[in-house]
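Chains as they are written, first to last, in this note's numbering: chain Y, 1 to 85; chain D, 101 to 185; chain G, 201 to 285; chain V, 301 to 385; chain L, 401 to 485; chain Z, 501 to 585. Read the structure below first, then the notes.
Number of protein chains: 6
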Amino acid sequence: MQSNLRSLTTRTPQEGFDLAVTLSQMGVLVTQPSEEIRELLRPVYSTNADSLIAVSQVIATNFQTVAAANNYWRSSCSRPHIGWR
Amino acid sequence: MQSNLRSLTTRTPQEGFDLAVTLSQMGVLVTQPSEEIRELLRPVYSTNADSLIAVSQVIATNFQTVAAANNYWRSSCSRPHIGWR
Amino acid sequence: MQSNLRSLTTRTPQEGFDLAVTLSQMGVLVTQPSEEIRELLRPVYSTNADSLIAVSQVIATNFQTVAAANNYWRSSCSRPHIGWR
Amino acid sequence: MQSNLRSLTTRTPQEGFDLAVTLSQMGVLVTQPSEEIRELLRPVYSTNADSLIAVSQVIATNFQTVAAANNYWRSSCSRPHIGWR
Amino acid sequence: MQSNLRSLTTRTPQEGFDLAVTLSQMGVLVTQPSEEIRELLRPVYSTNADSLIAVSQVIATNFQTVAAANNYWRSSCSRPHIGWR
Amino acid sequence: MQSNLRSLTTRTPQEGFDLAVTLSQMGVLVTQPSEEIRELLRPVYSTNADSLIAVSQVIATNFQTVAAANNYWRSSCSRPHIGWR
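Have a look at this one:
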C-alpha cells in the first residue's frame with residue numbers, strides 16, 4: 001500500500017478529523033507495512049484502554065496540524081470571528 | 101455511532117473544553133467502535149491513575165486546538181488584551 | 201462537581217500556571233467524577249516518580265494554551281518586546 | 301551514516317510526510333548509530349502495537365513542523381483558502 | 401513552598417531553558433508538595449533512563465512556551481532574521 | 501558541565517536538528533548531572549526500542565521550537581514561499 005497525501009485542506013471539521021485518523025494510520029503503516037501483521041495487532045490495542053488513549057493522542061496531534069492547515073474552518077483570515085459570534 | 105463534527109467554534113471556554121473531551125472520545129471511538137467493549141474498559145482506565153493522566157493529556161492536546169480555533173475566546177484579534185487588563 | 205471555565209486570561213503568569221493545573225485536573229475529573237475514587241488514587245500517583253512527571257507533562261501542555269491565550273503576558277501585541285529588553 | 305537535512309520545504313504533503321518519517325528516524329539514529337543494533341530492534345517494535353503507536357506519535361509531531369514550514373501547502377499566505385473552497 | 405512566576409521573558413535562551421526546568425519542577429511540586437517525598441523519589445527517576453527521557457520531554461514542552469514568549473530571542477518582530485543571517 | 505545556550509538560530513536545518521538533539525540532552529543533564537551515571541544508562545536506552553522512540557519524541561519537540569525560531573529556514577517572512585516554489 002502506497003499512501004498519497006495530496007492536500008491537508010478539507011471542507012468540514014469532520015473531514016479534517018477523518019484525515020487526522022488517516023495520518024495516524026499512515027504513521028503505523030510506514031513502520032509496519034504488512035497488513036497481515038497489523039490485522040493481528042488490532043485486537044491487542046483495540047481492547048487495551050491505554051493503547052486506545054495513546055491512539056487518541058496521536059490523532060489529536062495530527063488534528064492540530066489539519067485544523068491549523070484549514071485555519072480552523074473559520075470563514076476568513078482577516079475577520080476570524082465571523083460565523084461564530 | 102457516527103460522529104459529525106461541524107465546527108470548532110464555541111461560545112465559551114467551558115464549551116470549548118467539553119468539545120476537547122468529545123474530540124478525545126472520538127479518537128477512541130474510531131479505533132474501538134463497539135460501545136460494549138468501551139464500556140468494559142471504562143472501569144479499568146477510570147480507576148487507574150496513569151490512564152487518567154494520559155486521558156487528561158489527550159484532552160489538553162485537543163483543547164489547544166479548540167482554544168486556538170476560538171482565538172482563545174478573546175474579544176478581538178486586533179485588540180487581544182481587551183477584557184482582561 | 202461541575203466545572204465552569206469562564207476565561208483563559210489571567211493577570212499574571214503564576215495565575216496562568218494555576219489555571220493550567222486546574223485544566224489538568226478537569227481532564228481527570230471528567231473521566232473519573234467520583235471524588236472518593238480520585239482521593240484513593242492520589243497516594244498512588246503522588247508518590248510515583250513517573251506519574252508525577254506525566255502530570256507535569258499535562259500541566260505543561262495546558263500552560264502552553266493559557267500562555268498563548270494571554271499573549272505570554274507581554275505588554276502589547278504590536279510591541280512584543282517591551283518590558284523585557 | 302551522516303544525515304544532511306537541507307530544507308524543510310517539500311512540493312507536496314506526501315513528500316512532507318515522508319520527510320517527517322525521515323526526521324523521526326534521524327532522532328533514533330543519533331542515539332543508536334549502529335545500523336546492526338537498529339536492525340535487531342526492528343522486529344521488536346514493528347510487531348508491538350504500543351511501539352507502533354509511539355512511532356506514529358513522533359511522526360505526527362515532526363509532521364506538524366514540516367507542515368508549518370510549508371505553510372500547510374496552501375497556495376498563498378494572504379489568501380489561505382484558495383484551492384479548497 | 402509557594403512558587404511565584406512573575407514573567408516568561410528572559411534575557412537569553414539559556415535563562416529561558418532554566419525557566420523551562422523550573423516550570424517542569426513546578427508541575428511536580430503542585431502534585432507532591434512534600435519536599436521529603438520528592439527527595440526520596442529523586443534517586444529513582446534520576447537513575448532510570450526512561451524517567452530521564454520523560455523529564456526531558458516535559459522540559460522541551462515548557463521550553464516551547466518560554467521560547468515563544470521571548471519571540472525566540474530574535475532581535476525584532478518585523479525583521480526576524482536580523483542577527484542570524 | 502554547564503550548558504550555555506546562546507541562540508536558537510542556526511544556518512541550516514541540519515544544524516537546527518543538531519541543536520534540538522543538544523536541547524534534549526540538556527534536559528537529561530539537568531536532572532542527572534553525573535556523567536558517570538549517564539554513561540551507565542546509555543547501553544540501557546540505546547538498545548531499547550521504546551526508549552529510542554521516546555528520545556526521538558523529545559528531539560521532535562525541541563526541533564519544533566528550533567525550526568520556529570528560524571522561521572523554518574525560509575528566505576523571508578513576508579514572502580514565505582520563495583525558494584521552494
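The C-beta atom is built at its ideal place from N, Cα and C for all residues, glycine as well. Note that the coordinates shown come from a computational prediction; the quantities given were computed from them, not determined experimentally.
Taking only beta-carbon positions, decide if residue i is within less than 7 Å of chain Y.
i	result
D/S124	yes
V/V296	Residue 296 of chain V falls outside the range modelled here, since chain V spans only 301 to 385, and no answer is possible.
D/E135	no
Measure the beta-carbon distance from residue i to residue j and round it to whole angstroms, keeping in mind my assumption that it falls under 8 Å.
i	j	result
Z/S546	Z/L540	With a Cβ gap of about 12 Å, Z/S546 and Z/L540 do not count as contacting.
V/Q314	Y/N4	6 Å
L/V458	G/A249	In fact, because the Cβ distance is near 12 Å, the residues do not count as touching under 8 Å.
Y/S56	D/S124	6 Å
Might you give, ordered along the chain, the residues of its own chain that have their beta carbon closer than 6 Å to the beta carbon of residue i, omitting 5 neighbours on each side?
i	result
D/V166	L108, G116, L119 and A120
V/M326	S303
Z/W573	P513
Quick check: is the beta carbon of residue i nearer than 7 Å to any beta carbon in chain Z?
i	result
L/Q432	no
L/V421	yes
V/S351	yes
V/G316	no
L/M401	The predicted position of L/M401 is uncertain, since its pLDDT is 49 and thus under 50; no value can be drawn from it.
Cutting at 7 Å between CB atoms, please list the residues of its own chain near residue i, excluding the five before and the five after it.
i	result
G/Q232	R238
Z/A554	none
G/A260	none
L/A469	L408 and T409
Y/R6	none
For residue i and chain G, any beta-carbon pair shorter than 7 Å?
i	result
L/T447	no
Could you confirm whether any beta carbon from chain V is found closer than 7 Å to the beta carbon of residue i?
i	result
Z/A567	yes
Z/P543	no
So with Cβ pairs under 7 Å, would you call residue i a contact of chain D?
i	result
G/T261	yes
Y/N70	no
Spatial neighbours of residue i within its chain, please: CB distance less than 8 Å, with the 5 preceding and 5 following residues excluded, ordered by chain position.
i	result
V/V328	R338
D/R111	none
L/R442	none
Which runs of the alpha helix (DSSP H) spanning at least 4 residues fall entirely within the stretch 503-563 of chain Z, listed in chain order?
Here the runs fully enclosed are 513-529 and 535-545.
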